[in-house]
Amino acid sequence: MLWNFKKKPVVVTIHGFGAKTSSEMDDLASFLKKNGYEVIQFDLYDISDPEDADLNSWIGKAEQAMKNAFEKTDEVYLIGFSMGGVIASYLATLFRVKCLILVAPAFHYINLQMAKTATKKTFSSSSSAKGPSPSKAQTKTFTGIIDRYKESITHVDCPILILHGTKDEVIDPSSSSLEYKRIRHERKRLLLIEDAPHRLLYTKEFEPTAFSIILLMLKGKLI
144 MLWNFKKKPV VVTIHGFGAK TSSEMDDLAS FLKKNGYEVI QFDLYDISDP EDADLNSWIG
204 KAEQAMKNAF EKTDEVYLIG FSMGGVIASY LATLFRVKCL ILVAPAFHYI NLQMAKTATK
264 KTFSSSSSAK GPSPSKAQTK TFTGIIDRYK ESITHVDCPI LILHGTKDEV IDPSSSSLEY
324 KRIRHERKRL LLIEDAPHRL LYTKEFEPTA FSIILLMLKG KLI
């Protein structure tokens, strides 16, 4: 007898710029796995290696993660946070994903020092109290990625959800409002989460709201 096992849908997550790298997606990944999804997490760069700052290498890792996902199934979804949102937008122009979810995407960053301070605070309050922060070279790569790929959002041909907190201290929510207007695909939605900070994917108070919205989008029940 041949058993017809249904392949799990795969969600590829792209982390933001900071010390936590892919671990900032841990809570979301755990939630999605409990709801029947396979989740791919990976680090764009090695936070402990200040010289790991080659832009093409970072993007190459992201493209390889997408190729790995499509080797598993054709049902692939893409979620990007902050800088990862810009990269995810670019990836969505290359790969036929079911939908694209952007969380506090960094299309227009307010202040690099503010961003680095925010990620340091988050990292220092975690279990690894004193760890490395992004180097100057890595910060330059971050700005290079934004500059190179920020126009990708206008070329995405799949349903798009943008989530943003109204109290984002790193990326002003008006940035997402501007980019939302530039999206050409008809199936799109911008949702603002009241009082949520930049790191809403790993702030316990806002995780239930953000995760439930993301799940609705993945299931095709939001737009």
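Heads up, the sequence shown is in our numbering, so the first residue is 144 and it goes up one at a time. The beta carbon of each residue, even a glycine, is placed where N, CA and C say it ideally should be. Treat the numbers as computed from the prediction; the structure is a model and nothing was measured.
When A235, L358, C301 and K177 are compared, the shortest CA-CA separation from I157 is found for A235. In the DSSP assignment, K331 falls outside any alpha helix (DSSP H) and within the unbroken beta strand (DSSP E) covering K331 to I336.
Residue burial is scored here from C-beta neighbours: S191 has fewer than 16 other C-beta atoms within 10 angstroms and is therefore classed as exposed. Within the segment 147 to 183, the complete beta strand (DSSP E) segments of 3 residues or longer fall at 153 to 157 and 181 to 183, listed in chain order. The Cβ neighbour count for G363, taken over all protein chains shown within 10 Å, is under 16; the residue is labelled exposed. Around the beta carbon of R239, fewer than 16 other beta carbons sit within 10 angstroms, so the residue counts as exposed. Taking the CA atoms as reference points, Y292 sits about 14 Å from L245.
Under the DSSP assignment, F185 falls outside any beta strand (DSSP E); it carries neither an H nor an E label. Taking L361 as reference, the option from I288, V182 and S317 with the minimal CA-CA separation is V182.
By the beta-carbon neighbour count (other beta carbons within 10 angstroms, threshold 16), R325 is exposed.
Judged by DSSP in its simplified three-state form, L365 adopts coil rather than helix or strand. Here DSSP, grouped into helix, strand and coil, assigns I305 to strand.
Under DSSP, the beta-bridge partners assigned to G223 are I157 and L245.
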